[in-house]
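Single-structure report; data block below.
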Amino acid sequence: MIPTTSAPNEGATVNVVPRVLVDATAVPADRGALGRYVDGLIAALHRADADLAVACQRSDEERYAALAPKARVVSGPPAIVHRPARLAWEQTGLPFIAKQVAADVIHAPYYSTPLRPGVPVVVTVHDVTYFAEPEVHNPVKATYIKSATRTAVRRAARLIVPSKATRDEMVRLLRADPTRIDVAYHGVDHEIFHPPGEDERRRLSDRLGLHGHPYIAFLGALEPRKNVPNLIRGWVRAVDGLKDAPALVLAGSGGWDDEVDAALADVPHQLRVLRPGYLRWSSLPGFFGGALVVALPSRGEGFGLPVLEAMSCGSAVLTTHQSSLPEVGGEAVAYTEPDAESIGAALSTLIADDARRRALAEAAAARAAEFTWTASAEAHLASYRRAAEQ
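Under the numbering used here, think of the first position of the sequence shown as -6, with each following residue one higher.
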């Protein structure tokens, strides 16, 4: 079962039903992890009959109107597609919209918050790896997020985090008040992320040019925290010398890990690595479900949404014991230490053991079914009520 997420004051009886303005203006066009979080949450809040308003970019206005037909959807100016303009607009434009829609609470789902909001603010802090391991992050991005996180810890009425591990790290590293932190696990869209049929697996394999050849799957940005160089080196250890060596497919948007190219340069010529770039959501069940193993050996995550999505597709998943990942995977995934030798040993064992992979795939799909956006929305609503009381 999923661990309980009760906050210290969760037992209090609360009758307030606040009107909440969700700031979706930071959601990127490629609907990465932030987009999947905001979209899934807004749709679930709507189904829960929340009193909801949404601020968004103009390109997303129709999307959120469809996801939450009863919500008041207000778009910001065109310039907010650029981060500097959005951050400036956040300080004045967002409080104006909050007043315009008579919001009782603002939910800022991506670290930053207006300094003079006029109403209580709930801020989602996705992870604190920027403080724990600053060297594995882009320095410019890390500076911004660390500053925004410190401001949120000081000023927000409530803080929402996606795991107990993130809550505990906030208390340890930032001395955050644990009584103001609410844990709300992410959900997964089980209609999108489902165990694929044979046709879905075949179409994806053909699109990658593999045509049924076995492969190990990775999905994510090529940044140091994702530990891709050690995955490459570990995969080489696991498959070199095998007669029908599985390929390695590194899918996802770009990144800035300089070690990736160095690790790829050392791959023996007879082994095959594919880098297909961004994959559409509709392709992901076939990608995850068609892989021998989905390997996501991250050095740390606030939650680990790709791990959960791969589990929901009935995949045999290999990840690490780092930070929140055991909260997501439980006993339904395989674990490794993040070094190349350990990754190689774990991959070798899984590649050779069909029964173990099938057992993991079955357990993963069952555990993933317990993570829903409905449950996540309930936890968010409780946090909004606590903020409105304050």
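Positions of the beta carbon are idealized from the N, C-alpha and C atoms, including for glycine.
R268 and D346 have their C-alpha atoms roughly 26 Å apart. Each of S291, H100, S52 and L27 was checked against the Cα of R12, and the nearest Cα belongs to H100.
Residue environment: K236 is assigned as exposed (fewer than 16 neighbouring CB atoms within 10 Å of its CB, all protein chains considered). Around the beta-carbon of V133, fewer than 16 other beta-carbon atoms lie within 10 Å, marking it exposed. In the structure shown, G180 adopts coil according to DSSP, grouped into three states.
Just so you know, the alpha carbons of L215 and L34 end up roughly 26 Å apart. K219 has its alpha-carbon roughly 15 Å from the corresponding atom of I209. Of the other Cβ atoms in all chains shown, fewer than 16 fall within 10 Å of the Cβ of G202; this residue is therefore exposed.
For L201, there is no enclosing alpha helix (DSSP H), since its DSSP letter is neither H nor E.
For I35, the secondary structure class from DSSP, reduced to helix, strand or coil, is helix. Of the candidates A81, H75, V66 and L108, V66 places its Cα closest to the Cα of I90. Residue burial annotation: E184 is exposed, with fewer than 16 other C-beta atoms found within 10 angstroms of its C-beta.
Under the 10 Å beta carbon count, T136 is surrounded by fewer than 16 other beta carbons and is classified as exposed.
Contact between V326 and M304 is confirmed by a C-beta separation of about 7 Å, below the 8 Å threshold.
As the crow flies, the alpha-carbon of E252 is around 6 Å from that of P222. Counting only runs of 3+ residues, the beta strand (DSSP E) found wholly inside the region 223 to 260 occupies 240 to 244, in chain order. About 5 Å separates the Cβ atoms of I174 and R160, confirming a contact at the 8 Å cut-off. When only Cα atoms are considered, A150 and C49 end up about 22 Å apart. For L241 and A359, the gap between their C-alpha atoms comes out near 26 Å. Boundaries of the alpha helix (DSSP H) around T342: A333 to A345. With contacts defined by Cβ atoms closer than 8 Å, A145 and V116 form a contacting pair.
Minimum Cα-Cα distance from I225 among the listed residues P331, L152 and G279 corresponds to P331.
Residue burial annotation: G234 is exposed, with fewer than 16 other C-beta atoms found within 10 angstroms of its C-beta.
Contact fails between the region 72 to 88 and the region 347 to 356, because fewer than three Cβ pairs, one in each stretch, are under 8 Å apart. Annotation: V10 to A72 spans about 33 Å, alpha carbon to alpha carbon.
By the beta-carbon neighbour count (other beta carbons within 10 angstroms, threshold 16), T365 is buried. Contact between V112 and V94 is absent: CB atoms are separated by about 11 Å, not below the 8 Å threshold. Sorting A362, T142, G190 and S156 by C-alpha distance to the C-alpha of R168 places T142 at the top. Scanning P188, A361 and L340 for the CA closest to the CA of G283 turns up P188. Contiguous alpha helix (DSSP H) elements confined to the region 125 to 174 occur at 132 to 148 and 157 to 167, taking only those with 4 or more residues.
Fewer than three pairs of CB atoms, one per stretch, sit closer than 8 Å, so the region 295 to 313 makes no contact with the region 246 to 262.
Counting only the Cα atoms, P21 lies some 32 Å from W228.
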